[in-house]
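A.B. asks: In the numbering used here, the protein residues as written are 417 to 778. Glycine residues also receive a C-beta, built at the ideal position from the N, C-alpha and C atoms. Being a predicted model, the structure only gives us computed values, none of them experimental.
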Amino acid sequence: MNNSNDNLQFKKDFFANPERETETPPQLDEWQIKFNKLSPEVQNWMASQESATANREIAEKFNLKGDENSILAEVTSWITLKDYPISSLPELLERELSIPEEQAEEIALEVVKKQFLPLRQYMPEVEEYLNQIGEIRPKPTQSTESSLATAKEQKPPQMPEQNIQLPQKSLREAAKTNESVLDQFITFEPIIIKSAETGEEKKVSPTIRNWLRDYVIVKGSNAHTEVDRSDYLFNSPNASRLSGEERNLISEFLKSFDSPSYAIPFSPRTKLFAIEKLMKKQTGEERKIFGNQGMVEPQTQKPEPILFRPQAMSASIANGTDKYLEPIEKDSTPQNTAQSPKPPASKDQGNQGRVINLKDLS
Numbered sequence: 417m418n419n420s421n422d423n424l425q426f427k428k429d430f431f432a433n434p435e436r437e438t439e440t441p442p443q444l445d446e447w448q449i450k451f452n453k454l455s456p457e458v459q460n461w462m463a464s465q466e467s468a469t470a471n472r473e474i475a476e477k478f479n480l481k482g483d484e485n486s487i488l489a490e491v492t493s494w495i496t497l498k499d500y501p502i503s504s505l506p507e508l509l510e511r512e513l514s515i516p517e518e519q520a521e522e523i524a525l526e527v528v529k530k531q532f533l534p535l536r537q538y539m540p541e542v543e544e545y546l547n548q549i550g551e552i553r554p555k556p557t558q559s560t561e562s563s564l565a566t567a568k569e570q571k572p573p574q575m576p577e578q579n580i581q582l583p584q585k586s587l588r589e590a591a592k593t594n595e596s597v598l599d600q601f602i603t604f605e606p607i608i609i610k611s612a613e614t615g616e617e618k619k620v621s622p623t624i625r626n627w628l629r630d631y632v633i634v635k636g637s638n639a640h641t642e643v644d645r646s647d648y649l650f651n652s653p654n655a656s657r658l659s660g661e662e663r664n665l666i667s668e669f670l671k672s673f674d675s676p677s678y679a680i681p682f683s684p685r686t687k688l689f690a691i692e693k694l695m696k697k698q699t700g701e702e703r704k705i706f707g708n709q710g711m712v713e714p715q716t717q718k719p720e721p722i723l724f725r726p727q728a729m730s731a732s733i734a735n736g737t738d739k740y741l742e743p744i745e746k747d748s749t750p751q752n753t754a755q756s757p758k759p760p761a762s763k764d765q766g767n768q769g770r771v772i773n774l775k776d777l778s
């Protein structure tokens, strides 16, 4: 255990002072080779303050003390470096932290949601794991040590997609039951939001909450029509750089935001919206996407992804001192009545001339 902690401390020092001359631990070369094979986005996440903060928050939530915090970070890195599959995470935590199986499973779920879900674009097994952990799994017949030794060669059992029936919830319903669902990541790249009071740009995580804030800032707080949503999805600074797949995904959440009765697949186990299910729905023959004329029939070819176009950033963003936005105050939300006419009663059933108040969701 001490060797593991010493190696972890070296890695932290390495990131802080990459050019410092120091004695190289025996495992550094192997670790560095694995690290170099990761995509730049995953490398940046591993070395980021956000990842360290997520680890600390998980440790605090489950009352992990002292070395346990470092052990949690080390085990997380094993999964990220692909030393073990995600499915072995509960067993690894149970062994390394010497905790009960139930607690290990709870911590593993939190690690997957906070550390790996933001990387789902580069770790496709993440959502597969989240969809499967609610299934009944037989108790292992091998010892913990022997099962971990063969974990690299094993894959989690494949459950037929058609056999997994998930309920559906609207944004309002899900948020009232579990407010933290609004902090679920739904796209990968950070988004830029302007403060309604100061006009200062803030770089924030691409969560449901922050996408809705941007939507209200751009289109106003009055009721929105399909034309409003289409204009936002194709012409707003943040949404216009999304791929076609991500844009269709955002459109589902905006529609549920505007129409309280519009429901989205929801996992009772993870208490998150089932993004993978929603994306499968989007690729079905019945899918419709937003176009400049409102809703249009599916295209014969998948839209080409729109390349990322960096925006000019303020000094606070460039030097990394910016913080996430505070909740939008009611009197600071721009009223864009000219661009957002009140829709006729026949559209967006259940909206009744208003949208979800962001203060109700926070």
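What residue from Glu613, Ser667, Pro653, Gln600 has the CA that sits closest to Val643's CA?
C.D. replies: The shortest C-alpha separation from Val643 is found at Ser667.
A.B. asks: Output needed for Thr469: all residues of its chain with C-beta closer than 8 Å, excluding positions within five of it in sequence on either side, in chain order.
C.D. replies: Excluding positions up to five away in sequence, the list is empty.
A.B. asks: Quick check on Ile609: does DSSP put it in helix, strand or coil?
C.D. replies: If DSSP states are grouped into helix, strand and coil, Ile609 belongs with the strands.
A.B. asks: If we ignore side chains and look at the alpha-carbon of each, how far apart do Leu670 and Glu457 end up?
C.D. replies: Cα to Cα, Leu670 sits roughly 27 Å from Glu457.
A.B. asks: In three-state terms, what does DSSP make of Thr623?
C.D. replies: Residue state, collapsed to three classes: strand.
A.B. asks: Tell me the rounded alpha-carbon separation between Leu665 and Ile680.
C.D. replies: Taking the straight line from one Cα to the other gives about 11 Å.
A.B. asks: Pick helix, strand or coil for Phe669, following the three-state DSSP scheme.
C.D. replies: Correct three-state label for Phe669: helix.
A.B. asks: Do you know how far the Cα of Asp599 is from the Cα of Lys585?
C.D. replies: Straight-line Cα distance between these residues: approximately 16 Å.
A.B. asks: Should Asp647 be listed as close to the ligand HEM, given that the test is whether its C-beta is under 7 Å from any heavy atom?
C.D. replies: As presented, the structure is devoid of all ligands, the ligand HEM included, so that no description of it is given.
A.B. asks: Check the DSSP bridge columns for Ser683 and list the partner residues they point to.
C.D. replies: Partner(s): Leu688.
A.B. asks: Find out if the Cβ-Cβ distance for the pair Ala591, Phe682 is shorter than 8 Å.
C.D. replies: No, the pair does not count as a contact, with Cβ atoms beyond the cut-off.
A.B. asks: Return helix, strand or coil for Phe383, following the three-state DSSP convention.
C.D. replies: Only positions 417 to 778 of the chain appear in the structure, and residue 383 is not among them; the question remains open.
A.B. asks: Under DSSP, the alpha helix (DSSP H) around Ser467 begins and ends at which residues?
C.D. replies: Note, Ser467: alpha helix (DSSP H), 465-477.
A.B. asks: Just grab the DSSP bridge partners of Asp617 for me.
C.D. replies: Inspection of the sequence shows that residue 617 is occupied by Glu rather than by Asp. Lys610, per the DSSP bridge assignment.
A.B. asks: Along the chain, where does the alpha helix (DSSP H) containing Gln519 start, and where does it finish?
C.D. replies: Run containing Gln519: 517-527, per the alpha helix (DSSP H) assignment.
A.B. asks: Given a cut-off of 8 Å on the beta-carbon distance, is the pair Glu512 and Val491 in contact?
C.D. replies: The answer is yes: Cβ separation under 8 Å.
A.B. asks: For Lys530, which three-state DSSP category applies?
C.D. replies: Three-state DSSP puts Lys530 in a helix.
A.B. asks: Rounded to whole angstroms, what is the Cα-Cα separation between Gly550 and Ser455?
C.D. replies: Only weak support is given to the placement of Gly550: the predicted model assigns it a pLDDT of 46, under 50, and the value that follows is read from those uncertain coordinates. So the alpha carbons of these two residues sit roughly 30 Å apart.
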